[in-house]
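Peer 1: Per the numbering used here, the sequence shown runs over residues 3 to 82.
Questions regarding the structure given below will be posed in turn.
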Amino acid sequence: MAKVCDITGKRPRVGNNVSHANNKTKRRFYPNLHKKTFYVPEEDAWITLKVCTKALKTINKKGITAVLKEAQNKGMIVIK
């Protein structure tokens, strides 16, 4: 399963674990993804998206239709 947000395109980042002795080892920072189902009234359909929490806040603010339209214009999501 790809750990990529369908709306914002957030992906895992790479960084370091830093110990008390300042030893550095590689690690990954994963986005906080949730699988959510949204109702789109214009299409009278339910869609399931993998979204990060920032995208959830954006959907609550702007509405699912506007967010899907923006994501489609950016090329992040393909709507039939």
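Glycine included, each C-beta is placed from N, C-alpha and C at the ideal position.
Provide the residue span of the alpha helix (DSSP H) that contains ALA57, from first to last.
Peer 2: Mapped onto the sequence shown, residue 57 falls at position 55. Segment 55-64, the alpha helix (DSSP H) holding ALA57.
Peer 1: Just the Cα atoms here: how many angstroms apart are ALA73 and TRP48?
Peer 2: Walking along the sequence shown from the start, residue 73 turns up at place 71. Walking along the sequence shown from the start, residue 48 turns up at place 46. Those two C-alpha atoms are separated by around 17 Å.
Peer 1: Are the beta-carbon atoms belonging to THR27 and MET78 less than 9 Å from one another?
Peer 2: Position 25 of the sequence shown, counting from 1, holds the residue named residue 27. Position 76 of the sequence shown, counting from 1, holds the residue named residue 78. Not closer than 9 Å, so no.
Peer 1: Is the distance from the Cβ of THR60 to the Cβ of PRO43 below 9 Å?
Peer 2: Looking up residue 60 in the sequence shown gives position 58. Looking up residue 43 in the sequence shown gives position 41. No. Outside cutoff.
Peer 1: Assuming LYS37 and LYS52 are in contact, meaning their beta carbons sit under 8 Å apart, how far apart are those beta carbons, in whole angstroms?
Peer 2: Counting from one through the sequence shown, the residue named residue 37 turns up at place 35. Counting from one through the sequence shown, the residue named residue 52 turns up at place 50. So it is a contact: roughly 5 Å between Cβ atoms.
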